[in-house]
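Visitor: Quick one: structure below, then a few questions.
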Amino acid sequence: MKLNKLLKVITLTIPIIAAFSCSFQKDTLDANTYGQNGQMEDTQIDTHVPKQSDFLKKEDVIYFDLNKANINSKFSTVLNDTVTFLYEHPDTNIIIEGHTDKRGTEKYNIELGKRRAYAVKLYLESRGISSKKISIISYGSDKPAEVGDQENSYSKNRRAVIIY
């Protein structure tokens, strides 16, 4: 079961890493310019990372109530910002991870995590985002954001994470 999850994660992340490394290599090559005599000229390279890259490294988190998969309205700003970004960057895809706290059986938690990720996906699709741009995966309780046996820890683990 855990091997299947690992294979899914690898399958989803390899294209993202490959796309990022290809764009990085292209940017590096574009910075090297050559003069008329074939010698490399001194070129001023802007080392400021664009805002888009900052956004792509970001993760948005939507938290859920115990045993629930419905989205609280207080997360509409986060989700609407995601919609805006995806409209402005049509080549960007996202992964939505569903998570739970450790209470419940493994099977129940995997299904609940899937329902949470799917709820976020449906919200984005209802705003016009193509389902082809969105992948979902459920980790259940396997990847806690915070370890502990108190409600404060549990509440931080009941989440869906949008990864750009």
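Using my numbering, read the sequence shown as starting at 2 and increasing by one per residue. Here a beta-carbon is modelled for each residue, glycine too, at the ideal position from N, C-alpha and C. Predicted, not measured: the structure shown is a model, and the values here were computed from it.
1. By how many angstroms is the C-alpha of K69 removed from the C-alpha of E147?
2. Do you know offhand how far S136's Cα is from E98's?
3. Tell me the rounded alpha-carbon separation between D143 and T101.
4. Does the separation of the CB atoms of Y124 and L67 fall below 8 Å?
5. Rounded to whole angstroms, what is the Cα-Cα separation between A161 and I63?
6. For K157, collect the residues of the same chain with a Cβ closer than 6 Å to its Cβ; drop the 5 residues on either side in sequence, then sort them by chain order.
7. Report the residue from S131, N71, T83 and T93 whose alpha carbon sits nearest the alpha carbon of K115.
8. I believe G141 touches E89 by the beta-carbon criterion, under 8 Å. Please report the beta-carbon distance rounded to the nearest angstrom.
9. What do you get for K75, buried or exposed, if any count of 16 or more other CB atoms within 10 angstroms of its CB means buried?
10. Distance, Cα to Cα, G149 vs R104?
11. Apart from the five residues just before and just after S139, which ones in its own chain have a Cβ nearer than 7 Å to its Cβ?
12. Do the CB positions of N94 and K122 come within less than 8 Å of each other?
13. Please go through the segment 117-162 and give each complete alpha helix (DSSP H) segment of 4 or more residues, from N-terminal end onward.
14. Taking the alpha-carbon positions, what's the Y165 to Y109 distance?
Guide: If we stick to the structure as given:
1. On the sequence shown, position 146 is the one that residue 147 refers to. On the sequence shown, position 68 is the one that residue 69 refers to. Looking at the two C-alpha atoms, the distance is approximately 19 Å.
2. In the sequence shown, counting from the first residue as 1, residue 136 sits at position 135. In the sequence shown, counting from the first residue as 1, residue 98 sits at position 97. The alpha-carbon atoms of S136 and E98 are separated by roughly 9 Å.
3. The sequence position of residue 143 within the sequence shown is 142, counting from 1. The sequence position of residue 101 within the sequence shown is 100, counting from 1. Cα to Cα, the separation comes out at about 8 Å.
4. Residue mapping note: residue 124 aligns to position 123 of the sequence shown, counting from 1. Residue mapping note: residue 67 aligns to position 66 of the sequence shown, counting from 1. No; because the gap between Cβ atoms is not below 8 Å, this pair is not in contact.
5. Position 160 of the sequence shown holds residue 161. Position 62 of the sequence shown holds residue 63. Taking the straight line joining both Cα atoms gives about 5 Å.
6. Here residue 157 refers to the residue found at position 156 when the sequence shown is read from its first residue. The answer, listed in chain order, is A146 and E147.
7. The count along the sequence shown starts at 1 and reaches residue 115 at position 114. When each option's Cα is compared against that of K115, the closest is N71.
8. Locating residue 141 in the sequence shown gives position 140, where the first residue counts as 1. Locating residue 89 in the sequence shown gives position 88, where the first residue counts as 1. In fact, because the Cβ distance is near 33 Å, the residues do not count as touching under 8 Å.
9. To locate residue 75, count along the sequence shown from 1; it is residue 74. Label assigned to K75: exposed.
10. Within the sequence shown, numbered from 1, the residue matching residue 149 stands at position 148. Within the sequence shown, numbered from 1, the residue matching residue 104 stands at position 103. Cα to Cα, G149 sits roughly 11 Å from R104.
11. Taking the first residue of the sequence shown as 1, we reach residue 139 at position 138. Excluding residues within five positions, the ones whose Cβ falls inside 7 Å are G99, I111, G114, K115 and A118.
12. Within the sequence shown, the letter at position 93 stands for residue 94. Within the sequence shown, the letter at position 121 stands for residue 122. No, these two residues do not count as a Cβ contact at 8 Å.
13. 152-158
14. Counted from its first residue, the sequence shown places residue 165 at position 164. Counted from its first residue, the sequence shown places residue 109 at position 108. Approximately 27 Å, taken between the alpha carbons.
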